[in-house]
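Participant: Taking the numbering used here, the leading residue of the sequence shown gets 4, the next gets one more, and so forth.
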Amino acid sequence: MKAIVLDMYGVIVKQTGDDFVPYVQQTFPDLKPEEIYTPWFKADIGELTSLEVWEAIGFQGDLEKIEQEYLDTIELNDGFLDFIKGVSKDYKLAIISNDSSRWSEYLRKKFDINQYFDVISISGDLKIQKPDERIYRLTIEQLGVNAEDCVYVDDRETNLAAAERVGMKAILLGSRTESYTGTVVNDFGEIVSTLISMK
């Protein structure tokens, strides 16, 4: 293995994104999930800015402050920093994340993690969303390695299946307890062990 590619939500950070609807419903309890997800998904492919998402949902006032209050509920996953510092010596590293450009940029700066990654592929920037295979191929190309030399870690089976279709090895980080017939790990320590076994 020459490269490790990580998902953001549910892997690098604890939150999977599933908390966004209940977070919004604290303020707008009558909103249906699809009314919240529709603008959010548009931001994920660059059709709306993240601030326009809050506006479309119904928030008013200082939208930047409202957005920051939500983003500041998001935390790095346990063990991530030790993991990334350890593997950065031996592997090329990348992120593939379905996210708005602004949210991703804010979180990466907040946690000061840009320094660890050779390639950062964000759906809001590229207007390509997982599990579209193009976002994986583009990341592999920018890493300058072959697909079979990459390990991809995600918490969603559909995204892992797409990675496997382009030739990457896939690991499910079991933060969502999804059923998966491939390699499943529970923490970053187990990812390291799995990488060693792949050598």
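The C-beta atom is built at its ideal place from N, Cα and C for all residues, glycine as well.
Pull the bridge partners of V156 from the DSSP assignment, please.
Facilitator: L9, I174
Participant: Taking only three categories from DSSP, how would you classify V1?
Facilitator: Outside the shown range of the chain (4 to 202) lies residue 1, about which nothing can therefore be said.
Participant: Going by other Cβ atoms of all chains shown within 10 Å of its Cβ, with 16 needed for buried, is I174 buried or exposed?
Facilitator: buried
Participant: Could you check which residue in L54, L74, D75, A59 has the C-alpha nearest to that of D65?
Facilitator: L54
Participant: Going by DSSP, which residues form a beta bridge with V122?
Facilitator: A97
Participant: Work out the CA separation of L79 and M201 for me, nearest whole Å.
Facilitator: 26 Å
Participant: What is the residue span of the beta strand (DSSP E) that V24 lies within?
Facilitator: Unbroken run through V24 is the alpha helix (DSSP H), 23–28; no beta strand (DSSP E).
Participant: Distance, Cα to Cα, T19 vs D102?
Facilitator: 11 Å
Participant: Do the stretch 114–132 and the stretch 24–39 meet, that is, are 3 or more Cβ pairs less than 8 Å apart?
Facilitator: no
Participant: Can K95 and K5 be called in contact, C-beta distance under 8 Å?
Facilitator: yes
Participant: With distances taken Cα to Cα, identify the nearest neighbour of V8 among V90, G192, K130.
Facilitator: V90
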